[in-house]
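Chains as they are written, first to last, in our numbering: chain X, 159 to 457; chain L, 2 to 348. For each residue, glycine too, the CB sits at the ideal point set by N, CA and C. Here the structure is a predicted model, which means the values were calculated and not measured.
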Amino acid sequence: MSDGLVHLLQLLASGVVTGGIYALVAMGFVVVYKATRVINFATGEFMMLGAFFAWTAMVGLRAPFAVALAGAVAAAALVGVATERIVLRPLLGQRTISVIMVTIGLAAIFRGAAQIAWSGEYRSFPPIFPRAPIELGPVILPSRQFYPFLIAVAAIALVGLGFRFTRTGTAMRATADDEAAAFAMGIDIRRVYAISWSLSAMTAAVAGVVVGILGGISPQLGAIGLRTFPVVILGGLDSIPGALVGGVVIGVLENLAGGYVDPLLDGASVKEVVPFAVLVLVLMIRPYGLFGTREVERL
Amino acid sequence: MLIGNYKETYASDEAVFRTPAARWWMAALGCAAVAYPFVAGDYLLYLATLMGVLALAALGLNVLIGFTGQISLGHAAFMGVGSYVTAILATRLGLPFWLSVPAGGLAACAAGMVVGAPSLRIKGLYLAIATLAAQVIFEWVFTNWTSVTGGIRGINVPPARVWGVALDGDVKVYFLVEALVAVHYLLAANLRRSRWGRAFVAVRDRDIAAEIVGVNIFRTKIVAFMVSSYYAGIAGGLWVYFMKVVTPENFPLSLSIQFLAIVVVGGLGSIPGTLLGTVFMTLVPEVLKLATGLVRAAWPEAQSYLFPLRDVVFGTLIVVFLIFEPKGLVEMWNRLRRFFALWPFEK
Chain X
159 MSDGLVHLLQ LLASGVVTGG IYALVAMGFV VVYKATRVIN FATGEFMMLG AFFAWTAMVG
219 LRAPFAVALA GAVAAAALVG VATERIVLRP LLGQRTISVI MVTIGLAAIF RGAAQIAWSG
279 EYRSFPPIFP RAPIELGPVI LPSRQFYPFL IAVAAIALVG LGFRFTRTGT AMRATADDEA
339 AAFAMGIDIR RVYAISWSLS AMTAAVAGVV VGILGGISPQ LGAIGLRTFP VVILGGLDSI
399 PGALVGGVVI GVLENLAGGY VDPLLDGASV KEVVPFAVLV LVLMIRPYGL FGTREVERL
Chain L
2 MLIGNYKETY ASDEAVFRTP AARWWMAALG CAAVAYPFVA GDYLLYLATL MGVLALAALG
62 LNVLIGFTGQ ISLGHAAFMG VGSYVTAILA TRLGLPFWLS VPAGGLAACA AGMVVGAPSL
122 RIKGLYLAIA TLAAQVIFEW VFTNWTSVTG GIRGINVPPA RVWGVALDGD VKVYFLVEAL
182 VAVHYLLAAN LRRSRWGRAF VAVRDRDIAA EIVGVNIFRT KIVAFMVSSY YAGIAGGLWV
242 YFMKVVTPEN FPLSLSIQFL AIVVVGGLGS IPGTLLGTVF MTLVPEVLKL ATGLVRAAWP
302 EAQSYLFPLR DVVFGTLIVV FLIFEPKGLV EMWNRLRRFF ALWPFEK
């Protein structure tokens, strides 16, 4: 196989890995949007908190990785429920600007609190997985990319299946579809809201751990959360399959741009800006995204 | 005793300052602003000038969000456009300050027109995300278009000259900034009661109804974006002459968020509220800094908690205001005023 092709495959593979993480975060984002019509600007900070919880459990309490991950997810779920109950519920039905601003405010609080609790230092997880790189045909993936990716995929599958087949998942889909009808059928809407937020915080925590293993943890880890926006807009704000497709597409595009365009530019990195260029294009051409519901306004 | 605020003519109902008391307060504020630099020390003067620049940009954002109901997460980027255009015109073409700053404002205005264009099709959350994209893309351009913007090192700018006098001292820059703030404050207050201002509010309150009574929604939104980014551009131009240097790090997303916080905390749609919000949001970190300085003797590590604590306080202020006082500081001020208007007969 020629070098060029291997290079391409290599870029695609790491793009899919990045995309898997984006998809996981985007899924939590979409779950909250579907249920409560809130865009959560604190998604990245939920990731950061999850990563720090797992890190503390592993390094501070010497817990094995699986236990640490489960603990982080549980703690994140609590944070998610508390956020919904204390901050978001009083603002239900308020203007868009209020709801956006309150999640931005939360993000600042979490970032500051994390820096107070864990300091601004850069930290990394102790080694968890076997060190040998994984060879998939001609493509070689470092183990710190491959295993976390598997975790992300497993989490996506778990949430997706739960959403499709469990009783709670059905209740959540019903609420997203028609809140009033769901309420009339005896679904506890407030419970659905709380579950949506905790689910979103849980997926974000898993994604945070994955990102933490890949690239280390600091209170600034949440900056990755911004990248969720191109993903969810491309996929459609209220579509879970859209989040998956959007995540992989953006991840791959980002890596291809980084691999092919960056060497041509002198020192500039297009990697950060390409997703947002895609975002602008999507908003111009198809604002509701690939799979999102087209909103029709009626008088 | 004042028991109500009766208006007998349309002119008095439309006045910018509606009561004699408001006029007196404004006059007092103006006198205080003129006297300030002769009383305050260097640092306080720096803070006041900084507040002036921030207030100018925040006024523009309030026109966009408070009047027109369009959300922008890219206000700092427009300020950056204004800054860079001003700096480039001043250094490369040697344009005087009174040409380069308005040119920066107009350039930002054009950028606002482009970014506002998607508002034809999208609104609310989607528009907010589109402006977020603008913020990221502009910031990237500032950093990477090295031949024009000077990259990370930025551009150094010589002091502005007005009528042959170099504005090199802090006091002179202070007067320049505050004079422009006063002019633009009046412009914004007047805009509110003009034809365009009413169209803005109509689009915010019920866009479909506004269209039915003959307001061209798209044009109105675009004009709101243009006005708002013009303010940001002028503020950016002043920033250049105030800081003497412009770099991409001056205009991050967090500055856009700072402007949003100023508008929300001050009072959405309130022009005096924007000033209150700017002063408040600039003073809070300073008070924190003082407080950590005071406890330093007893607890030396306090200093290292200053920055994260600022984040926490900043976020908490936003959340608390949105939940408990969504109309912002200006509403608290009004409540105080009403209380004293009836005092001591309030119930």
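Counted within 10 angstroms of its Cβ, other Cβ atoms place residue i as buried (16 or more) or exposed
i: L100(L); result: exposed
i: N217(L); result: exposed
i: C110(L); result: buried
i: G162(X); result: exposed
i: Y418(X); result: exposed
i: I244(X); result: exposed
i: T279(L); result: buried
i: L236(X); result: exposed
i: G170(L); result: exposed
i: F39(L); result: exposed
i: V296(L); result: exposed
Contact set between residue i and chain X, taken where Cβ atoms lie within less than 8 Å
i: Y349(L); result: Lying before the first or after the last residue shown, residue 349(L) is absent from chain L, which here runs from 2 to 348.
i: A77(L); result: Within 8 Å Cβ-Cβ: nothing; A77(L) doesn't reach chain X, min ~14 Å.
i: V320(L); result: V245, V260, G263, L264, I267
i: P327(L); result: Q252, S256
Rounded separation between residue i and residue j - CA only
i: A342(X); j: A129(L); result: 33 Å
i: G81(L); j: G151(L); result: 13 Å
i: V202(L); j: G70(L); result: 8 Å
i: N157(L); j: L167(X); result: 45 Å
i: N335(L); j: T283(L); result: 21 Å
i: D206(L); j: E212(L); result: 11 Å
i: T92(L); j: P159(L); result: 8 Å
i: I263(L); j: E9(L); result: 35 Å
i: G268(L); j: E279(X); result: 37 Å
i: I391(X); j: T324(X); result: 27 Å
i: A34(L); j: V116(L); result: 35 Å
i: K1(L); j: F98(L); result: Since the first residue shown for chain L is 2 and the last is 348, residue 1(L) is missing from the structure and cannot be characterised.
i: D336(X); j: V188(X); result: 16 Å
i: Q252(X); j: F287(X); result: 46 Å
i: L307(L); j: S255(L); result: 17 Å
i: Y7(L); j: C32(L); result: 29 Å
i: Y191(X); j: I197(X); result: 6 Å
i: L439(X); j: K328(L); result: 36 Å
i: L261(L); j: A275(X); result: 27 Å
i: A215(X); j: R444(X); result: 44 Å
Chain L residues whose Cβ lies nearer than 8 Å to that of residue i
i: T254(X); result: I72, G125, L126, A129
i: E430(X); result: V137, W141
i: P248(X); result: I324
i: F387(X); result: I130, L133, A134
Three-state secondary structure (DSSP) of residue i
i: L294(X); result: strand
i: L94(L); result: coil
i: L299(X); result: strand
i: N63(L); result: helix
i: R348(X); result: helix
i: N145(L); result: helix
i: N217(L); result: coil
i: N413(X); result: helix
i: N157(L); result: strand
i: I375(X); result: strand
i: R281(X); result: strand
Contact list for residue i against chain X, beta-carbon separation under 7 Å
i: F1(L); result: Outside the displayed span of chain L (2 to 348) sits residue 1(L), for which this structure offers no information.
i: I263(L); result: Per Cβ cutoff of 7 Å: no residues; I263(L) is ~11 Å from chain X at best.
i: I258(L); result: I262
Residue i: contacting residues in chain L (beta-carbon distance under 7 Å)
i: F204(X); result: Simply none; closest approach about 14 Å.
i: P445(X); result: R122, I123, Y127
Chain L residues whose Cβ lies nearer than 9 Å to that of residue i
i: R269(X); result: P309, D312, V313, G316
i: I375(X); result: Neighbours of I375(X) on chain L: none; closest Cβ ~15 Å, over 9 Å.
i: V231(X); result: Per Cβ cutoff of 9 Å: no residues; V231(X) is ~24 Å from chain L at best.
Contacts that residue i makes with chain X (C-beta to C-beta distance below 9 Å)
i: I66(L); result: I255
i: P249(L); result: Those within 9 Å of P249(L) in chain X number zero; the least Cβ separation is about 12 Å.
i: P119(L); result: V438, L441, M442, P445
Contact test: residue i Cβ vs the ligand GTP heavy atom, cutoff 7 Å
i: W25(L); result: By its list of ligands, the structure shown contains no ligand whatsoever, and the ligand GTP lies outside what it can speak to.
Hey, is the region 130-145 of chain L in contact with the region 10-19 of chain L, meaning 3+ C-beta pairs nearer than 8 Å?
no
Would you list, in chain order, the members of the region 142-158 of chain L that have their beta-carbon closer than 9 Å to a beta-carbon of chain B?
Among the protein chains in the structure shown, which are X and L, there is no chain B.
Cβ contact check for the region 200-218 of chain X and the region 369-380 of chain X: 3 or more pairs under 8 Å:
yes
Answer yes if the region 261-276 of chain X comes into contact with the region 313-322 of chain L, meaning at least three C-beta pairs across the two stretches below 8 Å, and no otherwise.
yes
Pairs of beta-carbons, one from the region 397-409 of chain X and one from the region 168-184 of chain X, closer than 8 Å: are there three or more?
yes
Flag this pair as touching only if the region 186-203 of chain L and the region 52-71 of chain L have three or more C-beta atom pairs under 8 Å; answer yes or no.
yes
Say whether the region 431-440 of chain X touches the region 184-201 of chain L, bearing in mind that this needs 3 or more beta-carbon pairs closer than 8 Å, one atom from each stretch.
no
Would you be able to state if there are at least three C-beta pairs under 8 Å between the region 40-54 of chain L and the region 174-181 of chain L?
yes
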